[in-house]
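> In order, the protein sequences belong to chains A and B. This note's numbering applies: residue 88 is where the first sequence begins, and numbers increase by one. This note's numbering applies: residue 3 is where the second sequence begins, and numbers increase by one. Pasting in a structure now, in C-alpha cells, and then I'll have a few things to ask.
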Amino acid sequence: MRPVGGRGQPENRPRRVRGGWRAERLAPYVLVAPAVLIIVVLRLWPLVLGVNFSFTGDGERNGTTVGLDNYVDLLDDPLFRTALRNVALLVLLLPVAVAIPGLLATFIYLRVPGHRLFRSVYFFPAVLSPVIVGAIFNLLLAFDGPLNAILGGLGIGPFDWLGNPHVAIFAVAGVHIWATFGMALVVFLAGFATLDAALLDAARVDGASLAQTIWHVIIPGLSRTIQFVFVTTLIGMLTSMFGLLYVMTSGGPEGSTYLPEYYIWVQQGQMNRPALASAASTALFMIMLVVGLLQISVLRRAARED
Amino acid sequence: MKQRALWSAVLVAGLALTGCGRASDSNSSPGGSDGKLVVWDWKSGDTSAASYIKKAKADFASKHPGVTVEFVAQPFEQYYTLLGAAIQAGKGPDVMLFNGGGQIRDRVDALLPLDEYVGQDKQRLAGWEAFTKDSKTYAAPVTLQGHPIYYNKSLYRKAGLDPERPATSWNEFVAHCQAITAATGAKCFAQGNKEGIGIQFFMSGLGSGILSPQEYDDWIAGKRNWTSPDVKRIFSLWKEVNDKGLNNDGANSTAMFNDAFAVFQSGKASHVIGLMSDIGHWKDFAEFLDAGNVGVMKSPVVTAGTTPSLPYDGGIGYAVARRTKDPRVAADLVRSLTSTDALKAFHADAGAIAADATIDVSGAGPAVATIVSEIKGGQPALHVALSSKTVELMGRLSQQLLSGSVTVDKAVEQLAASDQAG
Chain A
88 MRPVGGRGQP
98 ENRPRRVRGG
108 WRAERLAPYV
118 LVAPAVLIIV
128 VLRLWPLVLG
138 VNFSFTGDGE
148 RNGTTVGLDN
158 YVDLLDDPLF
168 RTALRNVALL
178 VLLLPVAVAI
188 PGLLATFIYL
198 RVPGHRLFRS
208 VYFFPAVLSP
218 VIVGAIFNLL
228 LAFDGPLNAI
238 LGGLGIGPFD
248 WLGNPHVAIF
258 AVAGVHIWAT
268 FGMALVVFLA
278 GFATLDAALL
288 DAARVDGASL
298 AQTIWHVIIP
308 GLSRTIQFVF
318 VTTLIGMLTS
328 MFGLLYVMTS
338 GGPEGSTYLP
348 EYYIWVQQGQ
358 MNRPALASAA
368 STALFMIMLV
378 VGLLQISVLR
388 RAARED
Chain B
3 MKQRALWSAV
13 LVAGLALTGC
23 GRASDSNSSP
33 GGSDGKLVVW
43 DWKSGDTSAA
53 SYIKKAKADF
63 ASKHPGVTVE
73 FVAQPFEQYY
83 TLLGAAIQAG
93 KGPDVMLFNG
103 GGQIRDRVDA
113 LLPLDEYVGQ
123 DKQRLAGWEA
133 FTKDSKTYAA
143 PVTLQGHPIY
153 YNKSLYRKAG
163 LDPERPATSW
173 NEFVAHCQAI
183 TAATGAKCFA
193 QGNKEGIGIQ
203 FFMSGLGSGI
213 LSPQEYDDWI
223 AGKRNWTSPD
233 VKRIFSLWKE
243 VNDKGLNNDG
253 ANSTAMFNDA
263 FAVFQSGKAS
273 HVIGLMSDIG
283 HWKDFAEFLD
293 AGNVGVMKSP
303 VVTAGTTPSL
313 PYDGGIGYAV
323 ARRTKDPRVA
333 ADLVRSLTST
343 DALKAFHADA
353 GAIAADATID
363 VSGAGPAVAT
373 IVSEIKGGQP
383 ALHVALSSKT
393 VELMGRLSQQ
403 LLSGSVTVDK
413 AVEQLAASDQ
423 AG
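Below, the structure written as C-alpha cells:
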C-alpha cells in the first residue's frame with residue numbers, strides 16, 4: 088500500500104517527481120473514499136445520532152438532555168431485563184442450534200438411506216418467511232391444536248406451548264432453529280466436502296464406531312466450519328427473531344419472550360418513547376459489538392491455526 | 003479492533019456528557035402548502051370505506067374547491083410506528099386518523115386543539131371524550147367503539163333459558179352459564195388474552211357492574227382509587243372466572259383477534275365481550291350465527307348498587323397536526339369526514355356504529371338496535387382512560403393472574419404505581 092514510486096528519481100526533475108508522488112499517495116484514499124463515505128454517512132453518522140438521541144428525554148422532556156436517565160429506566164424495566172435474560176438463554180441454546188444441523192449433515196454425508204431426499208427437505212423451511220412459519224406453528228402449538236391432540240392421545244399434556252411463560256421462549260427458539268437450520272446444514276455440507284475421505288476410511292478400517300468417528304475424525308476436521316456456524320447462528324438468533332416473536336407471542340405471555348429488538352419496536356412504536364428505544368438500541372449495539380469482537384478473534388485464531 | 007472499541011467508548015462517553023438531540027423539530031416546514039392536505043389513515047384503502055371517503059371528499063370540495071386532498075392509507079400494524087417517526091421528523095400529515103384513548107393522548111403535543119372549529123358538531127356526534135385531554139378536544143369521532151357483551155341466543159334456547167331475558171345479576175349469570183355448559187358443552191366466555199387484550203375487554207365490559215357510579219366517574223376523571231375493594235374486584239373476578247373454568251382453555255395463548263371471536267362464532271362459548279365497530283362485532287357474528295341469534299346484554303350486577311351501562315368511546319377520529327399551514331381548512335376537512343352523509347355510508351358499508359346518533363340503523367339487525375339504544379345511557383370504557391403504558395402492563399399482569407404467578411393485591415399495586423407515575 089505504501090507509495091514508493093518517485094523516491095529513486097533523478098534530482099533534476101523535482102517538480103514532476105513530487106507531483107507524481109503526491110498523486111500516487113492520494114490515489115488509494117480517493118479510491119476508498121466512496122466506500123468510506125457510504126459507511127460514515129449511512130452507518131456511523133446515524134449511529135452517532137442515535138446514541139446522542141438516547142441521552143435526551145421523551146414526551147414532555149423531548150429535546151432536553153437527561154443524561155443517563157433512559158439507561159436507568161432500561162435497567163429498572165423488568166421487560167428489558169427479561170429481554171437481556173432471553174439473549175443469554177439463546178446463547179446457552181446455541182450448542183443445540185449448531186449440533187442439530189451438524190448431526191443431520193453428518194448423516195447425509197455418511198449416506199444414510201434417503202439422504203438425497205433429506206438434503207432438500209431439511210433446507211425447505213429456510214426458504215419460508217418467519218411470518219409464514221410463525222402462523223403455521225401458531226396453529227400447530229395452539230392449546231387445542233394438533234400437537235396437544237397427539238400428546239393427549241399418548242396420555243401426556245396438554246401443554247400451553249405459547250401461553251406458559253416458562254415454555255413459550257423455548258417454543259419460539261425451537262421454531263426458529265427449525266426454520267433456520269437449513270442454512271447451517273448447507274454450510275456443514277460444504278465443510279464436509281473439504282474433509283479428507285482417507286481419514287474416514289482409516290477410521291472405518293480401524294473399526295471405529297459412529298460416535299467415535301464423529302468425535303475423533305469429523306469434529307476436529309470441521310472445527311473451522313463449526314466455528315463459522317456458531318457465529319452466524321448466534322447473529323441470526325439475536326437479530327432475526329423479530330418476525331417469529333411478533334407473530335407467535337407478541338412478546339408474551341407475561342412479557343416472557345421479549346428480545347431487545349422487540350422491546351425497541353414496542354417502545355418506539357407503541358409506547359411513544361423513541362429516546363428510550365434509542366437507549367435500548369445502543370445497548371443492543373453494545374451487545375452485538377462484543378459478539379462481533381469475539382467472533383473476529385475466534386475466526387482470526389482459527390485462520391492462524393491453519 | 004481494540005482501537006475501534008475504544009473509539010466507540012470515547013464517543014459514547016462524550017455524547018453522554020453533551021446529549022442534545024430532539025425528537026421533533028418544531029421549526030420544520032409546515033404542511034398544507036400549495037393548497038394541498040395530506041391525510042394519513044389505515045381505512046381509506048379498504049373498498050368498504052370507498053364511498054365514505056368519496057362523500058367526505060365531495061363535501062370538502064364544495065367548501066374549498068381549490069384545495070386538493072391526498073389520502074395515504076398506511077398498514078394498521080405499522081401505523082403508529084410510521085406516524086410517530088413522521089411526526090418526529092417533522093414530516094407528518096396534516097390530518098390523521100387516531101384510535102381514541104392512549105394513542106392520541108400520548109401525541110397531543112403534535113396536535114391542534116379543535117374546540118373552536120368543531121363546536122357545531124358537539125351535539126350531533128358522540129364519543130368526544132376519547133379524543134380529549136385536559137379538556138381540549140384533539141379529534142372528531144368517526145365511529146364509536148365499545149364493548150357490549152354478546153351472547154348466543156340459540157345456546158340459551160338449547161339450555162332451556164329465555165334468550166330475551168339475559169341475567170341481570172352475577173350469580174344468575176354464572177348459573178345460566180353452568181346450565182348452558184351442562185346442556186351444550188359450550189363454555190361461558192370466549193376469552194383471548196394472548197395479546198393482553200382480554201383484560202381490557204373484561205374490565206370495560208363488566209366494569210359498570212363492578213364499580214359504583216361514583217367510582218366509575220372518578221376513574222374516568224383520572225381520580226382512580228386503586229385501593230378500593232371494587233377496583234380489586236375487577237381483577238379478582240378476572241382470575242375467578244378463569245379458575246372456575248368459565249373461559250375457554252388456554253386463554254393466555256388464544257389471540258383475541260380472531261381466535262377468541264372464532265370460539266364464540268362456532269358456538270363453543272355462549273358469551274363474548276366484543277366490539278361495536280370494525281371487527282369482532284355484530285356484523286361478523288351475524289355471518290356465522292345468524293343475526294337473530296346474536297344477543298347483546300348489559301353487564302350483570304356484580305357489586306350491589308351499581309347501574310350497568312354500555313361502555314363505549316369514540317373509536318376512531320380524525321385529528322389535525324399543529325404544524326399544518328391553515329388550521330381552519332384542515333379542520334373543515336375533519337368536519338367533512340364526520341358529516342352525516344359520509345358517516346351514513348361508513349356505517350352501511352364498513353359495519354361500524356357511526357359517531358352520528360342521527361343515522362338510521364334499523365336495517366342492521368336487533369343487536370345493533372340494542373347497542374344504539376344504549377348509547378345515550380352509555381359511559382366511557384374504563385381501560386380507555388388508562389395510559390398506553392399502564393394498559394400494556396395490565397396485559398402482562400392479567401396473564402400472570404391467569405397463570406397464578408402474581409396475586410391480585412400485587413397486580414393492583416403495580417398498576418397503581420404505573421397509573422400514578424404518568
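The beta-carbon is built from N, C-alpha and C at its ideal position, and this holds for glycine as well.
1) Output the distance between the C-alpha atoms of A53 (chain A) and L376 (chain A), rounded to the nearest integer angstrom.
2) State the DSSP-derived secondary structure class of N227 (chain B), mapped to helix, strand or coil.
3) Please report the distance separating the alpha-carbon of G94 (chain B) from that of L85 (chain B).
4) Buried or exposed for H202 (chain A), going by 16 or more other Cβ atoms inside 10 Å?
5) Tell me, please, whether the CB atom of Y82 (chain B) is closer than 7 Å to any CB atom in chain A?
6) Pick out whichever of B:R126, B:V110, B:T145, B:D164 has its Cα sitting closest to the Cα of K138 (chain B).
7) Does F227 (chain A) get closer than 7 Å to chain B when you measure Cβ to Cβ?
8) How would you call F211 (chain A), buried or exposed, if buried means at least 16 neighbouring beta carbons within 10 angstroms?
9) Got a sec, what are the start and stop residues for the alpha helix (DSSP H) A350 (chain B) sits in?
10) Just checking: is the beta-carbon of D247 (chain A) within a distance shorter than 7 Å of some beta-carbon in chain B?
11) Could you give the DSSP three-state label for Y345 (chain A): helix, strand or coil?
12) So F279 (chain A) packs on A192 (chain A), CB below 8 Å; how close in whole Å?
13) At a cut of 8 Å, does the region 338–351 of chain A reach the region 364–372 of chain A through at least three beta carbon pairs?
14) Identify the residues that DSSP records as bridge partners of Q76 (chain B): which are they?
15) What is the DSSP secondary structure of M299 (chain B), reduced to helix, strand or coil?
16) Does any C-beta atom of chain A lie closer than 7 Å to the C-beta of S255 (chain B)?
17) Where does A284 (chain A) fall in DSSP's three states?
18) Pick from B:R167, B:N227, B:G365, B:D43: whose alpha carbon is nearest that of M299 (chain B)?
19) Going by DSSP, which residues form a beta bridge with S171 (chain B)?
20) For N249 (chain B), list the residues DSSP reports as bridge partners.
21) In angstroms with no decimal places, state the Cα-to-Cα distance between V385 (chain A) and P307 (chain A).
22) Using a beta-carbon distance below 7 Å, is R126 (chain B) in contact with chain A?
23) Measure the C-alpha to C-alpha separation of Y140 (chain B) and W352 (chain A) and round it to an integer number of angstroms.
24) Going along chain A in order, which residues have a C-beta closer than 9 Å to the C-beta of S407 (chain B)?
25) Could you check the C-alpha separation between S364 (chain B) and S268 (chain B) for me, to the nearest Å?
26) For a contact meaning CB atoms closer than 9 Å, what does D163 (chain A) contact in chain B?
27) Return yes when the Cβ of M335 (chain A) is within less than 7 Å of the Cβ of G221 (chain A), no when it is not.
28) Using the Cα positions of L215 (chain A) and G330 (chain A), report the straight-line distance between them to the nearest angstrom.
29) I'd like the span of the alpha helix (DSSP H) that includes W132 (chain A), first residue to last.
30) Using the C-alpha atoms, what's the distance from W248 (chain A) back to A333 (chain B)?
31) Let me check one thing: in DSSP terms, what residues is V41 (chain B) bridge-paired to?
32) Can you tell me where the beta strand (DSSP E) with Y140 (chain B) in it begins and where it stops?
33) Identify the continuous alpha helix (DSSP H) that holds G316 (chain B) and give its terminal residues.
34) So, for G103 (chain B): in the same chain, excluding its five sequence neighbours on each side, which residues have a beta-carbon less than 7 Å away from its beta-carbon?
35) Taking Cβ-Cβ distances shorter than 9 Å, what residues in chain B pair up with P361 (chain A)?
36) For the region 181–203 of chain B, which residues have a beta carbon sitting closer than 9 Å to at least one beta carbon of chain A?
In terms of the structure at hand:
1) The requested residue 53 (chain A) does not occur in the structure, where chain A is confined to residues 88 to 393.
2) Indexing the second sequence from 1 puts residue 227 (chain B) at position 225. DSSP places N227 (chain B) in the coil class of the three-state scheme, outside both helix and strand.
3) Looking up residue 94 (chain B) in the second sequence gives position 92. Looking up residue 85 (chain B) in the second sequence gives position 83. For G94 (chain B) and L85 (chain B), the distance between alpha carbons rounds to 7 Å.
4) Residue 202 (chain A) sits at position 115 when you count from the first residue of the first sequence. It counts as exposed.
5) Along the second sequence, one-based indexing puts residue 82 (chain B) at 80. Contacts with chain A at 7 Å (Cβ-Cβ) include Y82 (chain B).
6) In the second sequence, the residue the question calls residue 138 (chain B) occupies position 136. With distances taken between Cα atoms, K138 (chain B) lies closest to B:V110.
7) Within the first sequence, residue 227 (chain A) is the residue found at index 140, counting from 1. Strictly speaking, residue 227 (chain A) in this sequence is Leu, with Phe absent from that position. With 7 Å as the cut-off, L227 (chain A) does not count as an interface residue toward chain B.
8) Taking the first residue of the first sequence as position 1, residue 211 (chain A) is located at position 124. F211 (chain A) counts as exposed, since fewer than 16 other beta carbons sit within 10 angstroms of its beta carbon.
9) To locate residue 350 (chain B), count along the second sequence from 1; it is residue 348. Per DSSP, the unbroken alpha helix (DSSP H) holding A350 (chain B) starts and ends at 342–352.
10) The count along the first sequence starts at 1 and reaches residue 247 (chain A) at position 160. Closer than 7 Å to some Cβ of chain B, the Cβ of D247 (chain A) qualifies, so yes.
11) Mapped onto the first sequence, residue 345 (chain A) falls at position 258. DSSP places Y345 (chain A) in coil when its eight states are reduced to three.
12) Counting from one through the first sequence, the residue named residue 279 (chain A) turns up at place 192. Counting from one through the first sequence, the residue named residue 192 (chain A) turns up at place 105. Indeed, because the Cβ distance is near 6 Å, the residues count as touching under 8 Å.
13) A contact is defined here as three or more CB-CB pairs under 8 Å, and the region 338–351 of chain A meets this definition with respect to the region 364–372 of chain A.
14) The sequence position of residue 76 (chain B) within the second sequence is 74, counting from 1. Paired residues: none, contrary to the question.
15) Walking along the second sequence from the start, residue 299 (chain B) turns up at place 297. In this structure, M299 (chain B) counts as strand in the three-state DSSP scheme.
16) The residue given as residue 255 (chain B) occupies position 253 in the second sequence. S255 (chain B) counts as touching chain A.
17) Translated into the one-based positions of the first sequence, residue 284 (chain A) becomes position 197. In the structure shown, the three-state DSSP call for A284 (chain A) is helix.
18) By one-based count along the second sequence, residue 299 (chain B) stands at place 297. When each option's Cα is compared against that of M299 (chain B), the closest is B:R167.
19) Locating residue 171 (chain B) in the second sequence gives position 169, counting from the first residue. Per DSSP, B:V303.
20) Counted from its first residue, the second sequence places residue 249 (chain B) at position 247. Note: N249 (chain B) sits in a beta bridge opposite B:F191.
21) Here residue 385 (chain A) corresponds to residue number 298 of the first sequence, with the count starting at 1. Here residue 307 (chain A) corresponds to residue number 220 of the first sequence, with the count starting at 1. Straight-line Cα distance between these residues: approximately 16 Å.
22) To locate residue 126 (chain B), count along the second sequence from 1; it is residue 124. Not one chain A Cβ lies under 7 Å of R126 (chain B).
23) Position 138 of the second sequence, counted from the start, is the residue given in the question as residue 140 (chain B). Position 265 of the first sequence, counted from the start, is the residue given in the question as residue 352 (chain A). Y140 (chain B) and W352 (chain A) have their C-alpha atoms roughly 26 Å apart.
24) Reading the second sequence from its first residue, position 405 is the one you call residue 407 (chain B). The contacting residues are P252, E341.
25) Sequence index remark: in the second sequence, residue 364 (chain B) carries index 362 (1-based). Sequence index remark: in the second sequence, residue 268 (chain B) carries index 266 (1-based). Between the alpha carbons of S364 (chain B) and S268 (chain B) lies a distance of about 26 Å.
26) Against the first sequence, residue 163 (chain A) aligns to sequence position 76. Going along chain B, no residue has its Cβ under 9 Å from D163 (chain A), so there is no contact; the nearest lies around 11 Å.
27) Here residue 221 (chain A) is taken as the residue at index 134 of the first sequence, counted from 1. Here residue 335 (chain A) is taken as the residue at index 248 of the first sequence, counted from 1. Yes.
28) Within the first sequence, the letter at position 128 stands for residue 215 (chain A). Within the first sequence, the letter at position 243 stands for residue 330 (chain A). Each residue's Cα considered, the two are about 12 Å apart.
29) What you label residue 132 (chain A) is simply residue 45 of the first sequence in a count that begins at 1. Unbroken alpha helix (DSSP H) run through W132 (chain A): 132–140.
30) As a working mapping, residue 333 (chain B) is identified with position 331 in the second sequence. As a working mapping, residue 248 (chain A) is identified with position 161 in the first sequence. Straight-line spacing of the CA atoms in A333 (chain B) and W248 (chain A) works out to 49 Å.
31) The count along the second sequence starts at 1 and reaches residue 41 (chain B) at position 39. DSSP output for V41 (chain B) lists B:F73, B:V97 as bridge partner(s).
32) Here residue 140 (chain B) is taken as the residue at index 138 of the second sequence, counted from 1. Y140 (chain B) -> no beta strand (DSSP E), and no H or E assigned at all.
33) As a first step, residue 316 (chain B) is located in the second sequence; it is residue number 314 there, counting from the start. First-last for G316 (chain B): 314–316, but that is the beta strand (DSSP E), not the alpha helix (DSSP H).
34) Position 101 of the second sequence, counted from the first residue, corresponds to residue 103 (chain B). Cβ within range, chain order: A132, D315, V386.
35) Indexing the first sequence from 1 puts residue 361 (chain A) at position 274. Correct list: A25, G86, A87, Q90.
36) Within the region 181–203 of chain B, the residues whose Cβ lies closer than 9 Å to some Cβ of chain A are N195, K196, E197, G198, listed in chain order.
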